Amino acid sequence: MFSLQLDESSLAGNEAILLAYVRFIKEEDLAQEFLFARELVMDSKGKSIFQVVEGYFKEKEIPLANVISVATDGAPSMVGCQRGFISYLKKVVPNVLAIRCVIHLSPSSSFQLVITAVNRIKSRPLSHRLFRQLCEENGEDFHRLLLHTEVRWLSRGTCLSRFYNLYASVLEFFEKEDASLCANLKKFAGDIAYMADLYTKFNEMNLHLQGDDLNLIKTKSVISVRYFKNNLARGEFSNFPNLCELRRKGRINEQNVEVYWHHLELHHQDFIERLEDILSLEVPDWMTNPLSGVENAELQLQEELLELQANEELKPKFNLGYRAFWLQRVIPHLYPGLWNVVRKLLISFPSSYLAERGFIVVADLLTKKRNKLQIVNRGDLRLRLTSIEPDIEKLLSLRAMTLNLEWYFANITDEESAAAILREKGVFHRERSCISCHQQMQLGIRRPNGSAQLPKPVELTEAHRPDPGVER
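Be aware that the sequence shown starts at 2, since it is given in the working numbering, and climbs by one per residue.
Shown next, in the form of structure tokens:
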């Protein structure tokens, strides 16, 4: 059983690429690895994506039924209820868990005002230099603003946070450059402070949704928009430090607070729709604490829980955390009912973070000088994305074997002598294939018509094994 993570994106040459990652259990731990990169030839619709995924698993002879969950972004081609990839997959694997996790928040008029101010300064070299000099004179911690990039998850929060840090210098700059823009910035000071605080929280949440060891249990605890909304309704501004400072100065009234509360309510509803798969998951108490009471567990699981709590051999492992506890090899065999609940929560990807990161590597590989690189057919991408460490010693030993055989074939042309050496070294015929047919003809061990003058295969025994101490 394993989980998938998929994402699709278009490259500079309008090619559509599909990246896939896989997570599975290996040696009592979770392993995740880059699975494949495939080109979407015709279009990037849900059916085309499903056909590519299905074709890959058929090619590798892997049953699709082994997929227990799939994590994607919120694109219609992925999560569309009728023609999305998930809908096609569920026709084949009805019980698959679909996870769509993406933070997408609509901009407000106040944010557009911030973007206008930033662009006015950053787009003109003279304005940029004058603003930097002004920040230095005012003793600011930062001397430049940050541009907003729509496709980057953290860009909006960092742009707003830096803007509000330099808010006083921005107002002073536009008092001379653009009085109208300066007046609007003063008018919406509370909105800008609120958004800077809010998107800073969203950035923190987004960073928690990124990581190699993240699972659905950790993800569910990160999403706390309702907590912010309830605090704001009670007049508690501890989660909004910039807004709290303005409130203390008397520049925020109750009407402003009500507007911000309704704004948080809209985001809360948006989160419920986009993250419903995660928020609807019920994490049982016994999963994070198997030694707790069994009264709240389902009836069919209570017996297994009692047996587990009585197993003294398993208890020391729980000190390493619930993940290490449940990934023990004996758990699926001793407690299949509990394991059936736990495996989805542990193995499933909670977001499409790895695939998003993979496309950054794709963009890095496809430079101006390598823009025709067949990214899906070459090994460049896999070498950058794989987490598998190469076995250098094994590769060197194979190379040493090749050089050793080349020396024997170059110095011994007698077939019986060559056969005797092969018997002594315990080398199979397939290992002689490292020598080209042309070289074998030159060495007299292959006839010009292509037939080989090779002795019959020699069965290896311990006496015939190569001596590891012999210098190659």
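A virtual CB, placed ideally from N, CA and C, is assigned to each residue, including glycine.
None of these values were measured; they are calculated from a predicted model.
Outcome for residue i when other beta-carbon atoms lying within 10 angstroms are tallied against a minimum of 16
i	result
residue 10	buried
residue 387	exposed
residue 191	buried
residue 441	Confidence in residue 441 is poor, its pLDDT being 45 and thus under 50, which makes the residue's placement too unreliable to answer from.
residue 447	Low confidence applies here, because residue 447 scores a pLDDT of 42, under 50, leaving its location unreliable; read the following figure in that light. Residue 447 is buried by the Cβ-count criterion.
residue 201	buried
residue 21	buried
residue 157	buried
residue 297	exposed
residue 220	buried
residue 429	Any reading at residue 429 needs caution, since the residue's pLDDT is 44, under 50, leaving its predicted position unreliable; the model's value is listed next. So residue 429 counts as exposed.
residue 309	buried
residue 142	exposed
residue 263	exposed
residue 38	buried
residue 70	buried
residue 18	buried
residue 320	exposed
residue 332	buried
residue 134	exposed
residue 341	exposed
residue 194	buried
residue 256	exposed
residue 300	exposed
residue 393	exposed
residue 378	exposed
residue 83	exposed
CB contact flag (residue i, residue j, <9 angstroms)
i	j	result
residue 312	residue 347	no
residue 80	residue 101	yes
residue 291	residue 326	yes
residue 36	residue 53	no
residue 85	residue 47	yes
residue 99	residue 73	yes
residue 344	residue 43	no
residue 186	residue 175	yes
residue 364	residue 8	no
residue 210	residue 352	yes
residue 474	residue 12	Not covered by the structure: residue 474. The range shown for the chain is 2 to 473.
residue 329	residue 315	yes
residue 150	residue 204	no
residue 339	residue 305	yes
residue 132	residue 171	yes
Nearest candidate by alpha-carbon position, reference residue i, set the options
i	options	result
residue 169	144, 156, 159	144
residue 173	199, 183, 122	183
residue 147	120, 308, 291	120
residue 214	354, 123, 95	354
residue 302	288, 17, 345	288
residue 212	392, 139, 37, 358	358
residue 5	196, 185, 392, 55	55
residue 136	59, 241, 116, 164	164
residue 25	381, 395, 350	350
residue 259	236, 150, 87	236
residue 198	113, 177, 233	233
residue 196	242, 208, 181	242
residue 323	31, 149, 14, 15	31
residue 271	34, 181, 205, 75	75
residue 179	304, 114, 299	114
residue 14	29, 28, 33, 40	40
residue 230	277, 280, 266	266
residue 253	337, 188, 381	188
residue 389	400, 33, 29, 138	33
Open item on the list: Threshold first: 4 residues or longer. Then list the alpha helix (DSSP H) segments lying entirely within the stretch 180-205, N to C.
Closed with: 180-188
Task: Contact between the stretch 116-135 and the stretch 84-97 (3+ Cβ pairs under 8 angstroms) - done: no
TODO: Enumerate, from N- to C-terminal direction, the unbroken alpha helix (DSSP H) stretches of 4 or more residues contained entirely within the stretch 340-392.
DONE: 354-366, 381-386
TODO: Answer yes if the stretch 243-263 comes into contact with the stretch 126-143, meaning at least three C-beta pairs across the two stretches below 8 angstroms, and no otherwise.
DONE: no
Open item on the list: Just to confirm the assignment: which complete alpha helix (DSSP H) runs, minimum length 4, are found wholly within the stretch 56-99?
Closed with: 77-80, 86-93
- [ ] Any chance you could list the alpha helix (DSSP H) runs of at least 4 consecutive residues sitting entirely within the stretch 100-166, in chain order?
- [x] 110-123, 126-138, 156-166
- [ ] Pick out the complete alpha helix (DSSP H) segments inside the stretch 288-327, 4 residues or longer, and give them in chain order.
- [x] 300-311, 323-327
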